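These notes concern the structure reproduced below.
Numbering (our numbering), first residue to last: 2 to 104.
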């Protein structure tokens, strides 16, 4: 990608690649995952996102639900928004603790 293409070793010619983007995701090595080499990593911008805390999850789920409930729902339904958010976060936290990543 950084060279604009790659060499096809079977047909013995250069293949040009243009107007493309590669997006990747990875996890730390271990559990069957190999370490990524510096040669590979130089091709990407690396960033890490920490696990969100409860306050952040409330903001995320709250923004989504508030936008959804603002479209013609009654006040009685809108009042349930905070309860729905809290229950959703509890389910998320429970699942996160129970279902750990597998190799």
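Note that CB positions come from ideal geometry on N, CA and C, so glycine has one too.
Treat the numbers as computed from the prediction; the structure is a model and nothing was measured.
Residue 62 and residue 90 closer than 8 angstroms at C-beta = Looking up residue 62 in the chain shown gives position 61. Looking up residue 90 in the chain shown gives position 89. Yes, the Cβ-Cβ distance between residue 62 and residue 90 is below 8 angstroms.
Going straight from the alpha carbon of residue 86 to that of residue 76, what length do you get?
-> Your numbering for residue 86 matches position 85 in the chain shown. Your numbering for residue 76 matches position 75 in the chain shown. Straight through space, the alpha carbons of residue 76 and residue 86 are spaced by roughly 16 angstroms.
Going by CA-CA distance only, name the one from 59, 100 and 74 that's closest to residue 84.
-> Numbered from 1 along the chain shown, position 83 holds the residue referred to as residue 84. Nearest of 59, 100 and 74 to residue 84, Cα basis: 59.
Distance between residue 27 and residue 2 (C-alpha atoms, nearest Å) | Along the chain shown, read from residue 1 onward, the residue named residue 2 stands at position 1. Along the chain shown, read from residue 1 onward, the residue named residue 27 stands at position 26. With a pLDDT of 49 at residue 2, under the threshold of 50, the modelled position of that residue is not reliable, and the figure given next carries that caveat. Going from the Cα of residue 2 to the Cα of residue 27 covers about 18 angstroms.
Taking DSSP as the reference, what is the three-state secondary structure of residue 80?
-> Numbered from its first residue, the chain shown carries residue 80 at position 79. In the structure shown, residue 80 sits in a helix (DSSP, three-state: H, G or I).
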